[in-house]
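Trainee: Position one of the sequence shown corresponds to residue 0 (numbering that gives the first Met the number 0), numbered consecutively onward.
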Amino acid sequence: MILIDGKKIAAELREELKIEVSELKSKYNKIPGLTVILIGDMAPSQIYVRMKEKAANEVGLKSEVLRYPGEVEEKTILDKIEELNKDNSVSGILVQLPLPKHIDKQKVIESILPSKDVDGFHPMNVGNLSSGYESSIPCTPLGCYLLIKKIEPNLNGKKAVIVGRSNLNGKPMTQLLLKENCTVTITHSKTKDLKGECLKGDIIVAAVGMPELVKGDWVKKDAIVIDVGINKTEKGIVGDVAFDEVSKVAKALTPVPGGVGPMTIACLLKNTIECFKRSN
Ligand code: GUN
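1) Report whether the distance from the Cβ of residue 40 to the nearest heavy atom of ligand 1 is below 7 Å.
2) Tell me which residue opens and which closes the alpha helix (DSSP H) that residue 243 is part of.
3) Excluding five sequence neighbours on each side, which residues of the same chain lie with their C-beta closer than 7 Å to the C-beta of residue 47?
4) Note down the Cα distance separating residue 171 from residue 183, rounded to an integer number of angstroms.
5) Output the distance between the C-alpha atoms of residue 42 and residue 221, rounded to the nearest integer angstrom.
6) Any chance the CB of residue 86 is under 7 Å from a heavy atom of ligand 1?
7) Under the rule that 16 or more other beta-carbon atoms within 10 Å means buried, what is residue 105, buried or exposed?
8) Is residue 94 near ligand 1, in the sense that its beta carbon is under 7 Å from a heavy atom of that ligand?
9) Please go through the stretch 179-224 and give each complete alpha helix (DSSP H) segment of 4 or more residues, from N-terminal end onward.
10) Taking the straight line between their C-alpha atoms, what separation do you get for residue 30 and residue 54?
11) Measuring CB atoms only, is the stretch 193-213 touching the stretch 153-169, in the sense that at least three cross pairs come out at less than 8 Å?
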């Protein structure tokens, strides 16, 4: 079984991006900039944002984190985004989710200029991705896609089963795999015979947030299995895939942690650079 080393593959991607940033710097005499807005003091968001900032600095991007208390007014955030939209030194804007309940998530997402939307959450980018046009691609599915392509460059006609239909992962993942000529099934909490559906997959992407949901006998021999889950349990952090069981049947499997997570962050940097290039 191939243990898909997301940490190593992400480090290689960051090395490539670092070189690209220095080339862009000589070409344009400026560097891509990423601004992250973090609202409130939720521990996971704090950790993710710190990792994003560190990675951005490591590849030589200009990075800035704007922190606001959980009670901040929605208008303060929308005004700041408007200012960042106009700021030429800012290539990409990311508002860390989840947001406090009094702030309208969709309104915030739609206030970001689509050309600076490094998350690919703006309806314009969502639409462009599903129509096959150039767009920002959400970082987590993009990271999963790059890992799958490392293992199997030719996905023509492969059967992919996606567990979870979220806007963050499941839906954009579908678009990326469709573009590669996969036959894609999206499953979710109301799917009948989830195990039977998973068993048909040459590729399984599990992104539901249910600890160790995908069992060894749900996986076809030699399938590629990508585990997006990060679940806190009594025995520590586990994914959506029962790792020990599935590792006995799969051809390749991502660990948690050290699989998809590092790729998500590297893809955010990649998206920031793409936004910079498109705007120059
Ligand atoms: N929170 C968890 N994942 C993400 C992500 O990919 N982007 C943003 N903005 N917030 C998140």
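For glycine and all other residues, C-beta sits at the position ideal for the given N, C-alpha and C. Computed from a predicted model, the values in this text were never measured in an experiment.
Mentor: Taking the coordinates as given:
1) Numbered from its first residue, the sequence shown carries residue 40 at position 41. Residue 40 Cβ: outside cutoff for every heavy atom of ligand 1.
2) Taking the sequence shown and counting its residues from 1, the one referred to as residue 243 is at position 244. Start and end: 242-245.
3) To locate residue 47, count along the sequence shown from 1; it is residue 48. Answer for residue 47: 95, listed in chain order.
4) Looking up residue 171 in the sequence shown gives position 172. Looking up residue 183 in the sequence shown gives position 184. Looking at the two C-alpha atoms, the distance is approximately 12 Å.
5) Here residue 42 is taken as the residue at index 43 of the sequence shown, counted from 1. Here residue 221 is taken as the residue at index 222 of the sequence shown, counted from 1. Rounded to whole angstroms, residue 42 to residue 221 spans 37 Å at the Cα level.
6) Taking the first residue of the sequence shown as position 1, residue 86 is located at position 87. No, the beta carbon of residue 86 sits no closer than 7 Å to any heavy atom of ligand 1.
7) For the purposes of this step, residue 105 is taken as residue 106 along the sequence shown, with counting starting at 1. Exposed, because fewer than 16 other Cβ atoms sit within 10 Å of the Cβ of residue 105.
8) On the sequence shown, position 95 is the one that residue 94 refers to. Indeed, a heavy atom of ligand 1 lies less than 7 Å from the Cβ.
9) 193-198
10) The count along the sequence shown starts at 1 and reaches residue 30 at position 31. The count along the sequence shown starts at 1 and reaches residue 54 at position 55. Cα to Cα, residue 30 sits roughly 15 Å from residue 54.
11) yes
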